[in-house]
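**Student:**
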Ligand SMILES: *Cc1c(COP(=O)(O)O)cnc(C)c1O
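Now the structure itself:
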């Protein structure tokens, strides 16, 4: 393909993009295909000869599109959102056009300096003090792994990378059961081991770690000769939005010199709204915090904002400087690959710059305020229905509920059948979770183009499908 043909196709795809987004309400949210359908529609061997783009694009529409779950659908109420605001998509088009490898300052100074500035804009936007600096990671999972490695190295006196863990005391890390599975994986990968992730019981409506139980667990580990390394707290857990009392976690950590990482992957975006910041009160005391602008905020995936109080700890853990990566004569520049696990880096800050300028913080805040208000109204409507109960109160825009008609015995099976029937219907998309062992249905409002009517429509779909469920 030459660049003239490229320009024509690129214009066609731009039109397709806008049409696609405008048509989303007419499409089923979750893909309605059986397993194997796309695999079997694709040829077994690669073509030996060139094919026309016209044909490739036609196959995209007939083979690929039906196999897509539409994450940008305004009635996507499952998981958490993965919003791609239009200005962030446009910025990504420019980024892919230039396709730079932004691992070092000199491999694209604009990418590094834009990243420094955008992380500071985000810091101000969520109300973190100026003592924090940050880096854009590819995912919250990577940021959490980087934080766990940092707490490991700090606890080992910076010797773990060199000497390994054999012969060391058992490192111990503390978290509740409400944290995301990315924490488990960080513990596995860092060599700390799942047996040394100490689960602290939760209490209260926010399902927060019990600070006294946390303190007791650390003391017991010290008495047993173990080496406490850090605490992982969460604001807005994935199941039902569990949020630790960050201030009390930080207080315990201070007493024992432990590193604190806060996972606010989803909820962090809502902290651009000052009245929601009570949820993470005490955040200024953590050592490390991650939130994903690629979830609720609207920056196209991937874009994970990782803030640290002392970047030296992170760089001391992760920086590696072979001769070919040394940039002689540029002392004082930041090389963000020293702050992250992969060497290669995309230019992720540009979409933040486009998005934040194009809406202004006030419009981004209003969207989140709306989502929280609409979700709260839906929870009230479901609560008022005799056959439904609210199983966890809204935390920001997330709550859970279940269908509990009089006389029903196996509510877990009934609610799984309800979720499956809703998603097979396709007008809305929901997911289930386990809450104290019981199956409940999650509902979160957060898609960028969602309206109050879409949320009200969800009420109609849920109650209609529940009424029509075949008896067990
Ligand atoms: C989504 C999510 C993650 C994982 O985020 P990735 O960027 O996909 O790694 C971690 N923690 C919480 C609370 C999340 O909601």
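Residue numbers (my numbering): 4 to 475. In this text, a Cβ means the ideal position worked out from N, Cα and C, and glycines have one as well. These numbers were taken from a predicted model, which means no experiment stands behind them.
#1: Taking all protein chains shown into account, do 16 or more other C-beta atoms lie within 10 angstroms of the C-beta of residue 145, making it buried, or fewer, making it exposed?
#2: Distance check for residue 61 and residue 54, CA to CA, integer angstroms please.
#3: Cutting at 6 Å between CB atoms, please list the residues of its own chain near residue 163, excluding the five before and the five after it.
#4: Pull up the CB-CB distance for residue 447 and residue 83, whole angstroms please, since I reckon it's below 8 Å.
#5: Can you tell me whether DSSP reads residue 129 as helix, strand or coil?
#6: Helix, strand or coil: how does DSSP classify residue 404 here?
#7: If we count Cβ pairs, one from each stretch, closer than 8 Å, do we get three or more for the stretch 362-380 versus the stretch 438-445?
#8: Could you check whether residue 151 and residue 197 sit closer than 8 Å to each other, using their CB atoms as the reference points?
#9: Our contact map puts residue 342 next to residue 321 with C-beta atoms below 8 Å; I'd like the distance itself, whole angstroms only.
#10: Considering only residues of the stretch 380-468, which uninterrupted beta strand (DSSP E) runs meet the minimum length of 3 residues and lie entirely inside it, listed in chain order?
#11: Is residue 122 near residue 138, with beta carbons less than 8 Å apart?
#12: Residue 256 and residue 235 look like a contact to me (Cβ under 8 Å); what is the Cβ gap, rounded to whole Å?
#13: Rounded C-beta distance between residue 178 and residue 209? I'm assuming under 8 Å.
#14: State whether the stretch 346-353 contacts the stretch 414-429, with contact taken as three or more CB pairs (one from each stretch) at a distance under 8 Å.
#15: Return the residue from the list 182, 57, 171 and 297 that minimises the CA-CA distance to residue 238.
#16: Checking 8 Å against the spacing of the C-beta atoms, do residue 36 and residue 73 come in under that value?
#17: Residues bridged to residue 136 by DSSP?
#18: Is residue 306 close to ligand 1? I mean its beta-carbon at under 7 Å from any heavy atom of the ligand.
#19: Here's the rule I'm using: 16 or more other beta-carbon atoms within 10 Å means buried, otherwise exposed. How should residue 153 be labelled?
#20: Measure how close the beta-carbons of residue 303 and residue 13 come, nearest whole angstrom, since I'm counting them as under 8 Å.
#21: Excluding five sequence neighbours on each side, which residues of the same chain lie with their C-beta closer than 7 Å to the C-beta of residue 185?
#22: With contact counted as at least three CB pairs below 8 Å, one residue from each stretch, are the stretch 397-404 and the stretch 369-386 in contact?
#23: In whole angstroms, what is the alpha-carbon distance linking residue 49 and residue 39?
#24: Distance check for residue 100 and residue 412, CA to CA, integer angstroms please.
#25: Under 8 Å, do residue 230 and residue 172 count as touching if we go by C-beta distance?
#26: Report yes if the C-beta of residue 183 is less than 7 Å from at least one heavy atom of ligand 1; otherwise report no.
#27: For my contact list, residue 275 and residue 368 are in at a C-beta cut-off of 8 Å; report their separation, rounded to the angstrom.
#28: Tell me the DSSP secondary structure of residue 202 in three-state form.
#29: One question on the structure: do residue 240 and residue 438 come within less than 8 Å of each other, judged by their Cβ atoms?
#30: Just checking residue 207 against ligand 3 - is the residue's beta carbon closer than 7 Å to any of the ligand's heavy atoms?
#31: Does the distance between the C-beta of residue 83 and the nearest non-hydrogen atom of ligand 1 fall short of 7 Å?
#32: Going by Cα to Cα distance, which pick from 195, 472 and 4 is closest to residue 169?
#33: Excluding the 5 residues flanking residue 253 on each side, which residues of the same chain have their C-beta closer than 7 Å to its C-beta?
#34: Between 207, 307 and 370, which has its C-alpha nearest residue 273's C-alpha?
#35: Is it buried or exposed, residue 222, if we count other Cβ atoms within 10 angstroms and call 16 or more buried?
**Tutor:** On the basis of the data shown:
#1: buried
#2: 12 Å
#3: 155 and 156
#4: 6 Å
#5: coil
#6: strand
#7: no
#8: no
#9: 6 Å
#10: 391-398, 401-406, 434-438 and 441-447
#11: yes
#12: That pair is no contact at about 11 Å.
#13: With a Cβ gap of about 15 Å, residue 178 and residue 209 do not count as contacting.
#14: no
#15: 182
#16: no
#17: 311
#18: no
#19: buried
#20: Wrong, their Cβ atoms sit about 17 Å apart, outside the cutoff.
#21: 143, 144 and 147
#22: yes
#23: 19 Å
#24: 58 Å
#25: yes
#26: yes
#27: 5 Å
#28: strand
#29: no
#30: Only ligand 1 can be found as ligands here, which leaves ligand 3 out of the picture.
#31: yes
#32: 195
#33: 263, 285, 288 and 289
#34: 370
#35: exposed
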